[in-house]
Structure formats: C-alpha cells, structure tokens
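Trainee: Starting off with a structure, shown below.
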Amino acid sequence: MTPRSAISRIRLPLSPQLAVPKTTTPIRALRRRGYASQSEGQGQGKSLAGAYYKSFGLPIAKCFLGALFTYQVTYWLWMKLESLEEQKDKEEEIQQLKDELKVLLKRKAEAEKALLAEQGTKAVEGEKAKKKGWFW
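Each residue of the sequence shown is one higher than the last, beginning at 1 in UniProt numbering.
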C-alpha cells in the first residue's frame, strides 16, 4: 500500500454515526431567531416608511440642521443690529438731554444775574432808607 491510501483510510469514519452530516441550510439561517408573535412572512417584509428613512434619513437630518443653523445665525445678526440701533437711539437721546440741560442752566444763570442786579439796586435804595431811620 502506498502511504496515500493509508492516510485516506484513517480519515474515513469508522461508522456512519460518527460522520458529520452535511446540512443544506447555511449557518446564518440557523442563527436567526424568530419571535413567537412574528410569522415567517412578516419578518421578510419591510415597511415603506422604514425604507424611506433608511435611505433618506441622513440627508433630511443634514437639511434640517442646516436650516436650523441658518435660522440661528440670522436671528443672532438681527438681534445684534437691533441692539446697535437701540444703543444709537439712547446715545442721541442722552446728547439731546445734555444740550437741553445746558440751555436751561444758561437761562438759570442769566435769571440769577438779573435777580442779583435787581436786588443790588434795591439794596442800595434800602441802605439810603436805613440811614434815615436808625443810627447804625
């Protein structure tokens, strides 16, 4: 006997019970588990909504996030411009009030000068009258 035939005899099982049976179903099919409430046909069918979101979910999410980002940037810019406008309006109002205050202070100073001048003439007249009455 040749050595090759001796090896082939060793590899052959001695009895048919020890031989590994060949299966016709692949191993992946054996690993799949089903649920008691699920029928065999139900597991195979996919819903149309699931298939739609599986293929278009990421583009829809990107579009939504892009729109949200654009809205937030636009809103922030609008608020920034509005705050600058309000700040400018407040500064103009403050400047207007300062100018009005200067005018009023100037009028007050003129009125006080006029009052002092008027009181000064009355004081001189009062001193003359005073000399006529008492001695001190």
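Just so you know, even glycine gets a beta-carbon here, dropped at the ideal spot from N, CA and C.
Measuring only the C-alpha atoms, how far is A117 from Q96?
Mentor: Approximately 32 Å between the Cα atoms of the pair.
Trainee: Rounded to a whole number of angstroms, what is the C-alpha to C-alpha distance between I60 and Y75?
Mentor: The straight-line gap from Cα to Cα measures roughly 22 Å.
Trainee: Run through DSSP, which three-state label would K46 get?
Mentor: DSSP places K46 in coil when its eight states are reduced to three.
Trainee: Could you tell me the distance, in whole angstroms, from the CA atom of M79 to the CA atom of Q87?
Mentor: Distance between the alpha carbons of M79 and Q87: 12 Å.
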